[in-house]
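Undergrad:
Chains as they are written, first to last, in the numbering used here: chain A, 632 to 1521; chain B, 632 to 1521.
Now the structure itself:
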């Protein structure tokens, strides 16, 4: 901020280069200048330098956008002159004049930040047309219909995206005209029809904006450039950046480029292609095109395009040319490319290339195959995969054996399986999801406004649009299941229902989507575990060879343990014993214990729990044969085991045959104002040693029992919520006594460890003392975050949104570790802990253990392992490998 | 522990000196050996060396007690031999034989730790008597009655304190005998009566203990020594150490000393004296004595003794001798002494000297006068006062103008005024006090079992006992008001009432005590502020000259501010604005604000609050003219301002004319699971900027208004619960904007500061960043303790007791700062804060700001000030001075 101010003050701005030209084989920029020129601009420059046919143009830098905001939405000194210079260069390159009637130059204006951002203003085409220039275009193209169509498109786009005239105003005029003339498609309107449409468009433009449609092309351009800058901070764009954690960018660049027309007749067209299949990753050219259309017709999904194969037959030469460019670009960028192209009267132009969005499955396959093909090294391939995306691969698919009723079929736009209740708009999707309902968002087509709802939904179903439609692209990026372009879907937003065939599905009804097959099923379907492909296995092997962190799982049952082991878990990092307390009859014994007024009563009730807990542990030890299992002693406050509602208390009284009043009183006496900071964790074991003694006995007996049956067992007993060394000492002594007793009874021994959660700030601050007793530390970052930040996770929802919005937090600190604050406690805890016990084993078992950014932090601070939920184990394996690779890069 | 083990293993024990002899002008120990010999033993040695007539004896060291516990309650090797050696020495010194019938030596056995501990076993007298030895004693003393009385006392004391035979068993026998014989006092029983009592005592001893009363004096001695060791860890002693924060001692010493008898007739007696008046501090010899009595008769308060003046007349020579000793000892110890003496047939013996317990008033006067008299330097005098004790001086006395009904009069045993509900036992006192009831504990006499109840009571009233009775001594130590020896008080424990004159006072009735006058009043009386004496002012001046920490006060009203200023507060360190929100009509405007669904509604309600808040601040600024005032913005969660009960919600609905349902819903929507960690503090200002803006405006407008009237005003605006720098930035920006606006409106300016509470651990951990914005830090150690330790203050009561008992905490961390854990955060916060802002002003405003140990910590870590409640300001001033003096010592 300061450096800009200095520049301004000292008049240095005139020397700042705001605009970069590209055209005819030479560009001032290149692909490495993404931060300055945006992704689109950098790649246009790069392609120009590569000799790929790109229409010439220029890019206004992202710094300009930053400067625009910082000076109160004004252009910096020198920008106007540079734009005019480059416009002149462009006129020279194209041999045409901007705003000229005789030989008009039309341009497109596109936004383009360093990261792809569907939330921003995208494109204004045909800029430069005025009522006078359109006459020149008619003469130049000898195509009156085309010229009027271009003009009416321009007015509509400019009106919509630059001036905020609702699209509906224009659509209504167009629909009415088609009705009047008696045709179905826009393309059936003739030049005169369109001329009249232009007249009506100008009128509605003036009615809404209060000013005439601008007849000065340069004014059109400046307004559009300002609109692009302005779109950087529109709510949609901000929301998109939040959702996608895009931060630290200066702003958007603006690309001004000579127009080429895909709508100049049947030898023209436009399309989008991927150098490999973005759904499966298969190394096969993949794309769609539309004859006689402009780019937005494809992307918006308004007409359903043809697959690229059709082009090979229709325009074999152009197809060959395109294939050559495919090869060139992929080789150059060493990654799968997403390319936009236009054919103007038989001539191919490339309008954009970028690394293509892809499914996780495709990402894995492409990365592995690029290594096989010699384009990438293993480490590079590992860094190519967003660990979070792997989630897609790991989640269940529908059980193929169950009967299914197919409602309809569409395009398999984003793989995966989803089942949920139908909703018809983004707001409902967000609201229902917030209440915990699984929802499927059903839309005719989606637009950037729907991002929030798409994110909240389990899956997305659209009636229109292709594989590269907004819905499909965004869903793949999100890893959401999506079925797009289901043409026989009649959606009625007003009555909140859709029909397909003779079935009517109402809001709130369950449907299921198979995004890999494009199937839509009636009702709720059961899912099953994903099959992991060979490529995935290969990638994981590379990750395992690279990473230093071990990856364990949080799991409370043998089933959890088995799933996690399949995903590569190297032990259990957190087995929560309290979950076992709720199952079946156990809760009765637990409640008996709580209701007891004395130790004897508690011990009697605990004796009933002992064999059950022992059985649980035996199952888990067996499932984890050969691997360590960390078992945490009872953690939650006791009131969590009692019903809070009177009706349930009365029921409990009846079942247990105790007076209701006794239960009511117990609940009352256990009530806490801040249970998070109450009588829980090791505090229970200090107050009621018999509880931890029972648990210790169950663990050690189970370990002995399975060891006798040949299982290799490594129990690690973890004491929660320790703040003071003495707490740990007291519980550790209880455990050692019980263990020795069991060993004596069973006439055998086995190694076990006693450690602690570090989840109270004081524990981290005094970790040197705690490590005198603790043989291992496991950072409980959920609670450490709650206490370190003073944020109750249950309550912070009411303000956390505001906090992320206002930039107080970059991310929800319960999802991604607050590395500065909570991270400081972790660093301190590890350093102090190892100062007294150099071989201290350190891990993390909060939910952050499955978050890639947090895992990288765990690696950096020297932890031994992370522990996360079973489905996140592969994510953690990859993230741990990436942490090593990123460290090496530095 | 290890060193002892080594000693044992290597047989070095035999060389360890366990026993120290004293007698006839020469002692092996001295006063400096208090830790080894206990206070009593060290002083007996010292006095012996000083040539003061002390009966000879020997002291078994505290290390022996430690060793006793560590080896499973066994005597260390060598102890027995050393005891026997010293016993022989003692026999030689006394010219008598232990256990001899012909020339018996009797001894007393007394416990004596390094700190005075009424909770322990105190004394067994006349040890060495057996059925045979008693005969020798008769011959030797030619006093049969005395001998039998001595024997029956010994059996009773040995039975009670060594063997645990309830005193009641013995008392009943004695009472029955007196009844039988028809006399009132023990002293009226004749030799034969007592002989029969001895017979009956022996029988009951055998019935209860299952063994004969030991007839081997050496066995009596070993059993008694073991009982003294054992009493070190009896529950009373443990509780006493907890209450008095006595820690780090090895154990108790045991003093075995030749008996001298104050009960050998009318030329014998026993007494206790203080070298100065322990209530007022007046430099006047002060004490009490009983003719023909043993020491316990005075201390236990069973008979009411005569004042010392009487002795000057009765035994002028002895009195003169005692006065000489008084001067010698005080000069030697340079402090007021509490001396126990016995006169055996005209010969004076000193049995004990120690620094005397005293009231705060006396402590101040004595310290100041000792400086005047040239015995002490100012710094030494400052260190002589326990800052906590000053509390006594600062609390209110009864308003003399109100009508009072005197119920009775007793001894002014401990000064101060107390009003409360009558209870008759310690358990009730503790239970009622726990419920927040003010109670007066009324007892016939108190005993060490009553400590807990005395601590819980506002005041103590006893029917028996003098100024040195248990009740009086303990109450003075505690700084509790006590009226003792109210002889016309008939207490009926069974019906829980007392009668005095014709008034009956029942449990739960209010009475009031004036401990300075010894008055007992009927009903509840109003109190008024204490007058501070000139000595106090002098001491405070010395403290102010010494200390480096500034002392501010926590105060929310002009009245608080005035009181604190009178006590020497140098500013307000914490003014809680929310307290103002509850007053009168304001709560309605506050509730209007909370019920508003939008900013406009909130602003409207806040506009009503603005003039009231401004008025508050004007009052406080005026009261603090010339001194800084730190005002904290709204801190508690909003739900605290709404009624939680349905009935109150309905009432509120009526008053405010809004539907009940709206209030119910609002309360529900504001409900939090962990409000401590919820939507409060600066989080409110982030969510509702209009609240902090109103408060900032009220502060700045008030400051401008009073400045116009000539008041010197230094507002410091404090933002609570900051965890992230950005939170502070957002609120600071709001405040600066408002302030500039007000300055513009008022056409004036004034300096103000913006700072923050450091109460969230994250704030301390990232204090370097926060100090970039914050101009001052105030450590909010209440919340910092809650979050740093994960302890909800409201809930931790259920386990904090167990925690202190088990030694997990030394003290309640909400009363005295957890210096290791929370202290680490404070150190870190200060160091980091000053790393980016070297002149950062740092203070503390939690309740720890009035705790002497915590204040010493604040000094050590380099804070600029502490802030505490008004009545604690002088305590803080003294503690801050002591911190400097203690630092210098090191």
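Here a beta-carbon is modelled for each residue, glycine too, at the ideal position from N, C-alpha and C.
Source: prediction; values computed, not measured.
Between the region 1428–1445 of chain A and chain B, which residues of the former have CB atoms less than 8 Å from a CB of the latter, in chain order?
TA: Residues 1429, 1430, 1433, 1434, 1437, 1438, 1439 and 1440.
Undergrad: Would residue 1304(A) pass as an interface residue toward chain B - the criterion being a Cβ-Cβ separation below 7 Å?
TA: The residue you call residue 1304(A) lines up with position 673 of the first chain. Residue 1304(A) counts as touching chain B.
Undergrad: Once you ignore the five residues that flank residue 578(B) on each side, which residues in its own chain have a CB closer than 6 Å to its CB?
TA: What the structure shows of chain B is the stretch from 632 to 1521, and residue 578(B) is not part of that stretch, so it cannot be assessed.
Undergrad: Measuring alpha carbon to alpha carbon, tell me which of 1447(B), 1442(B), 1461(B) and 1453(B) ends up nearest residue 1406(B).
TA: The count along the second chain starts at 1 and reaches residue 1406(B) at position 775. Nearest option by C-alpha distance: 1461(B).
Undergrad: Using the rule of at least 16 other Cβ atoms within 10 Å of the residue's Cβ for burial, across every protein chain shown, is residue 889(B) buried or exposed?
TA: Position 258 of the second chain, counted from the first residue, corresponds to residue 889(B). Residue 889(B) comes out buried.
Undergrad: Please check the pair residue 1408(A) and residue 1359(A), which I expect to be a contact at CB under 8 Å, by giving their CB distance rounded to whole angstroms.
TA: Within the first chain, numbered from 1, the residue matching residue 1408(A) stands at position 777. Within the first chain, numbered from 1, the residue matching residue 1359(A) stands at position 728. With a Cβ gap of about 11 Å, residue 1408(A) and residue 1359(A) do not count as contacting.
Undergrad: With DSSP as the reference, identify every bridge partner of residue 1207(B), one or two as the case may be.
TA: Taking the first residue of the second chain as 1, we reach residue 1207(B) at position 576. Beta-bridge pairing links residue 1207(B) to 1263(B).
Undergrad: Would you please state the rounded distance, in angstroms, between the beta carbons of residue 1200(A) and residue 1183(A)? I believe it to be under 8 Å.
TA: Mapped onto the first chain, residue 1200(A) falls at position 569. Mapped onto the first chain, residue 1183(A) falls at position 552. Indeed they touch by this definition, with Cβ atoms about 6 Å apart.
Undergrad: What residues of chain A sit near residue 1465(B), judged by a beta carbon separation below 7 Å?
TA: As a position in the second chain, residue 1465(B) is number 834, starting the count at 1. Simply none; closest approach about 17 Å.
Undergrad: Within 10 angstroms of the Cβ of residue 642(B), are there 16 or more other Cβ atoms? Answer buried if so, exposed if not.
TA: As a position in the second chain, residue 642(B) is number 11, starting the count at 1. Note that residue 642(B) scores a pLDDT of 43, beneath 50, so its modelled location is shaky and nothing firm can be said.
Undergrad: If we require 3 or more residues per run, which beta strand (DSSP E) segments fall completely within the region 1240–1297 of chain B?
TA: Listed in chain order, they are 1259–1263.
Undergrad: If the cut is a Cβ gap below 7 Å, which residues of chain A does residue 1361(B) touch?
TA: Your numbering for residue 1361(B) matches position 730 in the second chain. 1437, listed in chain order.
Undergrad: Along the chain, where does the alpha helix (DSSP H) containing residue 823(A) start, and where does it finish?
TA: Stepping through the first chain from its first residue, residue 823(A) is reached at position 192. That run of the alpha helix (DSSP H) goes 822–840.
Undergrad: So that I know if they touch, is there some Cβ in chain A lying closer than 7 Å to that of residue 1426(B)?
TA: The count along the second chain starts at 1 and reaches residue 1426(B) at position 795. Answer yes: the Cβ-Cβ gap between residue 1426(B) and chain A drops below 7 Å somewhere.
Undergrad: Determine the extent of the alpha helix (DSSP H) in which residue 968(B) is found, giving its start and end residues.
TA: In the second chain, residue 968(B) corresponds to position 337, counting from 1. Run containing residue 968(B): none in the alpha helix (DSSP H); it sits in the beta strand (DSSP E), 968–975.
Undergrad: Output yes or no for whether 7 Å exceeds the beta carbon distance between residue 1073(B) and residue 1006(B).
TA: Against the second chain, residue 1073(B) aligns to sequence position 442. Against the second chain, residue 1006(B) aligns to sequence position 375. Cβ atoms of residue 1073(B) and residue 1006(B): not closer than 7 Å.
Undergrad: Quick one: residues in its chain with C-beta nearer than 7 Å to the C-beta of residue 963(B), no 5 flanking neighbours on either side, listed in chain order?
TA: As a first step, residue 963(B) is located in the second chain; it is residue number 332 there, counting from the start. Counting only Cβ-Cβ distances below 7 Å, and skipping sequence neighbours, we find 681.
Undergrad: Give me the subset of the region 1403–1415 of chain A whose CB atoms are less than 8 Å from a CB atom of chain B, sorted by chain position.
TA: Answer in chain order: 1414.
Undergrad: Tell me whether residue 865(A) sits in a helix, a strand or coil according to DSSP, three-state version.
TA: Numbered from 1 along the first chain, position 234 holds the residue referred to as residue 865(A). Note: residue 865(A) maps to coil in three-state DSSP.
Undergrad: In angstroms with no decimal places, state the Cα-to-Cα distance between residue 765(B) and residue 821(B).
TA: Along the second chain, one-based indexing puts residue 765(B) at 134. Along the second chain, one-based indexing puts residue 821(B) at 190. Computed Cα separation, rounded: 16 Å.
Undergrad: Give every residue of the same chain whose Cβ lies closer than 7 Å to the Cβ of residue 1289(B), excluding the five residues on either side of it in the sequence, and list them in chain order.
TA: On the second chain, position 658 is the one that residue 1289(B) refers to. Hits under 7 Å: 1226.
Undergrad: Quick one: Cα of residue 633(B) to Cα of residue 700(B), how far?
TA: Here the question's residue 633(B) lines up with position 2 in the second chain. Here the question's residue 700(B) lines up with position 69 in the second chain. For residue 633(B), the pLDDT reaches just 38, beneath the cut-off of 50, and the residue's location in the model is therefore unreliable, although a value from the coordinates is still provided. For residue 633(B) and residue 700(B), the distance between alpha carbons rounds to 14 Å.
Undergrad: Which ranges would you report for the beta strand (DSSP E) in the region 872–942 of chain A if only whole runs of at least 3 residues count?
TA: Those beta strand (DSSP E) runs which fall completely within the region 872–942 of chain A and span 3+ residues are 884–889, 900–905 and 917–922.
Undergrad: At 4 residues or longer, and completely inside the region 680–759 of chain A: list those alpha helix (DSSP H) runs for me, N to C.
TA: Fully enclosed alpha helix (DSSP H) runs of 4 or longer: 693–701 and 710–725.
Undergrad: Check residue 1359(A) in the structure and name its three-state DSSP category.
TA: Residue 1359(A) sits at position 728 when you count from the first residue of the first chain. Residue 1359(A): helix per DSSP, three-state reduction.
Undergrad: Would you report the Cα separation of residue 979(A) and residue 903(A), rounded to the nearest angstrom?
TA: For the purposes of this step, residue 979(A) is taken as the residue at position 348 of the first chain. For the purposes of this step, residue 903(A) is taken as the residue at position 272 of the first chain. Those two C-alpha atoms are separated by around 13 Å.
Undergrad: Could you tell me the alpha carbon to alpha carbon distance between residue 1062(A) and residue 1118(A), rounded to whole angstroms?
TA: The residue you call residue 1062(A) lines up with position 431 of the first chain. The residue you call residue 1118(A) lines up with position 487 of the first chain. Going by the C-alpha atoms only, they are around 28 Å apart.
Undergrad: Which residues mark the beginning and the end of the beta strand (DSSP E) in which residue 1386(A) is found?
TA: By 1-based counting over the first chain, the position of residue 1386(A) is 755. Residues 1384–1389.
Undergrad: Output the distance between the C-alpha atoms of residue 1070(A) and residue 1059(A), rounded to the nearest integer angstrom.
TA: For the purposes of this step, residue 1070(A) is taken as residue 439 along the first chain, with counting starting at 1. For the purposes of this step, residue 1059(A) is taken as residue 428 along the first chain, with counting starting at 1. Those two C-alpha atoms are separated by around 9 Å.
Undergrad: Applying the 10 Å Cβ sphere with the 16-neighbour rule, what's the burial state of residue 1469(B)?
TA: Position 838 of the second chain, counting from 1, holds the residue named residue 1469(B). Residue 1469(B) should be labelled exposed.
Undergrad: Count the other C-beta atoms from every protein chain shown that fall within 10 angstroms of the C-beta of residue 1519(A), then say buried if there are 16 or more, exposed otherwise.
TA: Here residue 1519(A) corresponds to residue number 888 of the first chain, with the count starting at 1. Exposed, because fewer than 16 other Cβ atoms sit within 10 Å of the Cβ of residue 1519(A).
Undergrad: Go ahead and label residue 1270(A) buried or exposed: buried means 16 or more other beta carbons lie within 10 angstroms of its beta carbon, across all protein chains shown.
TA: If you number the first chain from 1, residue 1270(A) lands on position 639. By the neighbour-count rule (16 or more Cβ atoms within 10 Å), residue 1270(A) is buried.
Undergrad: Hey, quick one: how far does the beta strand (DSSP E) through residue 651(B) stretch, first residue to last?
TA: Looking up residue 651(B) in the second chain gives position 20. Unbroken beta strand (DSSP E) run through residue 651(B): 650–654.
Undergrad: Going by DSSP, what residue range makes up the beta strand (DSSP E) through residue 1496(A)?
TA: For the purposes of this step, residue 1496(A) is taken as the residue at position 865 of the first chain. Its beta strand (DSSP E) spans residues 1496–1499.
Undergrad: Is it the case that the Cβ atoms of residue 981(B) and residue 912(B) are separated by a distance below 7 Å?
TA: Numbered from 1 along the second chain, position 350 holds the residue referred to as residue 981(B). Numbered from 1 along the second chain, position 281 holds the residue referred to as residue 912(B). Going by C-beta atoms, residue 981(B) is not nearer than 7 Å to residue 912(B).
Undergrad: What residue range is occupied by the uninterrupted beta strand (DSSP E) comprising residue 1020(B)?
TA: What you label residue 1020(B) is simply residue 389 of the second chain in a count that begins at 1. No beta strand (DSSP E) holds residue 1020(B); DSSP gives it neither H nor E.
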